[in-house]
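To convert, count from 1 in the first sequence and add 1; that's my numbering.
Backbone N, C-alpha and C define an ideal beta-carbon position, used for all residues, glycine too.
What follows is a short report on a single structure.
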Amino acid sequence: MDIPKQYNPKDTEKKWYKFWEEKGFFHAEPDPKKKPYSIVIPPPNITGILHMGHALNNTIQDIYVRFKRMQGFRTLWMPGTDHAGIATQNVVEKKLAQEGKTKDDLGREKFLEEVWKWREEYGSTIINQLKSLGSSCDWEKTRFTMDEGLSDAVLEVFVKLHEKGLIYRGNYIINWCPRCKTALSDEEAQHRDVDGMLYYIKYPIEDSKNHVIVATTRPETMLGDVAVCVNPKDKRYKDLKDKTVILPILKRPLKIIFDTKVDPKFGTGALKITPAHDPVDFELGRAHKLEPINVMNDDATINEVGGDFSGMDRLEAREAIIDELKEMKLFLKSEPHRHAVGHCYRCHTMVEPRLSKQWFVKMAPLAKPALDIVKKGKLKFYPKRWTKVYINWMENIRDWCISRQIWWGHRIPVYYCKKCSASSENVIVSKIRPEKCPKCGGSEIKQDPDVLDTWFSSWLWPFSTLGWPKKTKELKYFYPTNVLVTAQEIIFFWVARMVMAGMEFMKDMPFKDVYIHGTVRDDTGTKMSKSLGNVIDPINIISQFGSDALRFSIISITAQGQDVFLAPQKFELGRNFANKIWNASRLVLMNLKEDKVKKDLCQMAGDPSLTLADRWILSRFFQALGDFVKSLEAYRINDAANRIYEFIWHELCDWYLEMAKLTMDEEHTQVTLYKVLEKSLRTLHPIMPFITEDIWQRLPREHGTESIMVTSWPHMQKEFISKKIDAEMRLIINIVQAIRNLRATWRIEHKKEIDIFIKVKNKSVVSSLGANAIYVKRLARVGKLEISTKITKPKHSAVSVIEDTEIFLPLGGIIDIDKEKKRLGEKLDGLTAELNRINGKLKNKGFISKAPKNVIQQAKERKERVEVEMSSLKKNIRLL
RNA sequence: GGGCGGUUGGCGCAGUUGGUUAGCGCGUUUGCUUGACAUGCAAAAGGUCAUAGGUUCGACUCCUAUACCGCCCACCA
């Protein structure tokens, strides 16, 4: 036969993906006769390239989508990409910089053209990479957060929220990235601990030789100081009432204000107030009616207010100011101080808190329903612990700064009339650009230059992709979606906001379940990132090991919600498994006679032609199938993967295939082999779609379906599950293993056939074992095999005991009595210890009176079995 | 400052409501070109489940501390 010995995923995967796509198997139209199942993809950024996080994330989604599709649901996996405002603008700006240009050279319109060009060229890279993973998304439906429909949804939402009074514009301290030159939301400023300094500076008191010592981590902001604040209860500063201090360098007089917000224990207990550059100071400044003074430009250089320091970068200015203070003898000391500092989540530049006029969404009213739906348990998190994280965030929600001072994104639908809004806050909010000012008729209309936060489109994703605000049949059928699969990093950015948007605009949650998987890290536990150079490229892994191997491996080693530590060699697990399946299938394909496998399994449960081995593998298969489904439904995907692995490798391959070789041409073997393999492939298909398809296509067809991905999920046939059959086979397996163990212990040449005598207690076991003697003979290389209730131990024989079954291997001259004594003695010691443990339990009154019946029963049965085994062991030691 | 996760054989990890002889993969040792597979087969070695208490008839599993590692949130300048 021309099937190669090693599975080669390379050509196979491409071929089948193309086949699925061309057949339209990924496409899902609403079908009222079927139940819907839908997932929306977390849209990757158009700047993105596939990393292991994506690989894990999308493998999980694909598993569910393929699983549900086979189960008969009308299944939609909605794909798309995110325009990723700041990230994309940065990438294009960098590209321009290489050509020696800036965005301002081009101007807004030309620049946006460049971005669109860039997106045309690179924006679908990640989509193609997702395809090589095997993702069965409905690509015909692919959306982009900047496409027409989604842009319309964004405008609709802005207008509606504004009408409701939930969008407002105002001057507040926001996080400013001086490199991206835009405002950020609180979530976009990532706090990282930084080793900084706490500087102690003397502020002279007017008309006095004394001074107040102020402690600060950012001396450069003193240029914008407007007051010094102390706690009214702080006795050290009692005398400061009605005093004025002089701001060093700029010599500005500063009021002393009193407020309990100041912690007397921190620093010197005196806080300099810079309302334009610190949120706490801003609040204090407002409470005490102080005018903020902004001292920085948008690139964090000092502005004209800063006198000699103007033009310096903030950190440069910090040093210069300290030097000057030292010269003026107003610098007391500095001490190391570790504190959290915000950093831009896109470029990692230190964020500057800065007073700025921005657009905000009032979040508390939106949070309320989003909170309720989770508290009521209608929307569930897996693992559960994220519920608390979500609730905690929702309950402490702060308003969302949504305006960004960049060009790439949804332009804010706000217009200003030069004539009438210059003097007022009257703005025009409209989805369409107005010709004239509706208030004064003025024709000089200007649109707000800012764009919206990227997440302002992402939070609508579960319904905007389905057509909202239009009332489409897709929206009606597929919303709410079934599960959202994502990583913990984006719970606040995205998950929480989607719930709020869903509740507000659809009056229903966007998904029923949220599955939060772990973060992919390298084998030292560090998060994978391009800049650290520790990434394992999934595309690389795919070309090396295959997509199935990647998928299986990563799923198998990722426990629910736990972070996963990856190293390239871990993918050998999946590659080896794929190869194992490949070769098992080769064996079957080389032997299968198509005319012998057509029997209907539904009528086979009582079929007398089935042997113990046949019944056993069927029993084991259906148990594995049941466990597999149960695990998937509980989002315990690694359990599912490992369960089917265990079945295929260690039951089907290790035992049944070996046994089947002996009766390969008989119909019962043919049928069982075919059914079990075919069903195993179907079960495994969601995890390893390519290899299962490839083999399935080579098998005889039972139904008219064209592909494994559109066949039905294996039907559960509980009637095949039998504990009795399992136990019977267990004994045979144990005997084979015991004989192999004896062979190894006594170093019997592996080719040599040996004689074995087995003494059993019951006649019924004699006949059961007798009927399956060929398996024992074959699998343990036994020549003469005698099974009886009346065996007496042959001379010079080694023995192995399985409860009441004794296995004798005559060794003749090579037996070493001492060695055998020691071996059996050790086994006996182990059993004695166990018996003592069980006896201890059973003698314990508390155990007898309080433990559940079945547990006591179990202990008793175990005790009996141990005793039986011990007595036969003892007897055999005596006989040595 | 709060919250969360982790600590199980040499390494990486499972262990779902407390009752298992504590599992898996890699690695290790020994033996195998057994007519599907050396990306394999067979046999084996290796763990007082981080520490200290507690609850319980019974704890890897529940509770309370402690230690170490990691993450998230938070306006201590």
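Shortest Cα-Cα distance from Phe159 to any of Phe506, Ile649, Asn584 involves Phe506.
Using a Cβ distance threshold of 8 Å, Ala614 and Phe629 do not count as a contacting pair. The C-beta distance from Pro80 to Asp3 rounds to 37 Å, too long to fall under 8 Å, and the pair is not in contact. In the three-state scheme derived from DSSP, where H, G and I count as helix and E and B as strand, Trp360 is classed as strand.
For Glu807, no alpha helix (DSSP H) encloses it; the enclosing beta strand (DSSP E) starts and ends at 806-811. The beta carbons of Glu189 and Tyr391 sit no closer together than 8 Å.
Here Phe494 is not bridged, per DSSP, to any residue.
Your pair Glu804 and Val869 checks out as a contact, with CB atoms roughly 5 Å apart and the cut at 8 Å. Taking a contact to require three or more Cβ pairs closer than 8 Å, the stretch 235-253 and the stretch 187-205 qualify as touching. Between Val536 and the set Asp549, Thr520, Ser548, Ala550, the nearest pair of CA atoms involves Thr520. By a beta-carbon distance limit of 8 Å, Asp538 does not contact Phe691. Their separation comes to about 19 Å. For Thr693, the enclosing alpha helix (DSSP H) has its first and last residue at 690-699.
In this structure Asn877 is in contact with Glu807, their Cβ atoms being roughly 7 Å apart against a cut-off of 8 Å. Taking a contact to require three or more Cβ pairs closer than 8 Å, the stretch 40-47 and the stretch 74-93 qualify as touching. Of all alpha-carbon atoms in Ser557, Gln624, Leu567, Thr670, the one lying nearest the alpha-carbon of Pro609 is that of Thr670. Between Ala579 and Gly547, the C-beta gap is smaller than 8 Å, which places the two residues in contact. Secondary-structure assignment with DSSP links Arg144 through a beta bridge to Gly81. Ile61 sits close to His518, with the two beta carbons spaced by under 8 Å. Contact check for Phe332 against Ala321 fails: the beta carbons are separated by 8 Å or more. Gly826 and Asn639 have their C-alpha atoms some 40 Å from each other. Residues Leu167, Tyr169, Asp400 of the same chain have their beta carbon placed closer than 7 Å to that of Lys363, with the five preceding and five following residues left out of the count.
Between the alpha carbons of Tyr417 and Met147 lies a distance of about 24 Å.
The three-state reading of DSSP puts Gln563 in coil, since its state is none of H, G, I, E or B. Three or more Cβ pairs closer than 8 Å define a contact, and the stretch 24-39 meets that threshold against the stretch 474-485.
Non-local beta-carbon contacts of Trp409 in its own chain, meaning distances under 6 Å to residues more than five positions away in sequence, involve Gly86, Thr89, Gln90, Val116 in chain order.
For Asn176, the uninterrupted beta strand (DSSP E) run begins and ends at 168-178, by DSSP.
If the five residues before and after Cys348 are omitted, its C-beta is found closer than 7 Å to the C-beta atoms of Asn91, Cys178, Arg180, Cys181, all from its own chain and listed in chain order.
Of the candidates Asp260, Met223, Lys266, the residue whose Cα lies closest to the Cα of Pro254 is Met223. Assignment of beta-bridge partners to Tyr383 by DSSP yields Tyr516. In the DSSP annotation of this structure, the continuous segment of the alpha helix (DSSP H) that includes Met730 starts and ends at 724-746.
When DSSP states are grouped into helix, strand and coil, Lys203 belongs to the strand group. Counting only unbroken stretches of 4 or more residues, the alpha helix (DSSP H) elements lying wholly within the stretch 779-850 are 818-844, in sequence order. If you draw a straight line from the Cα of Thr693 to the Cα of Val783, it comes to about 36 Å. In the three-state reduction of the DSSP assignment, Met351 falls in the strand class, which pools E and B. The residues Thr261, Pro265, in chain order, have a CB closer than 8 Å to that of Lys234 in the same chain once the five nearest residues on each side in sequence are set aside. Non-local beta-carbon contacts of Pro370 in its own chain, meaning distances under 7 Å to residues more than five positions away in sequence, involve Met504 in chain order.
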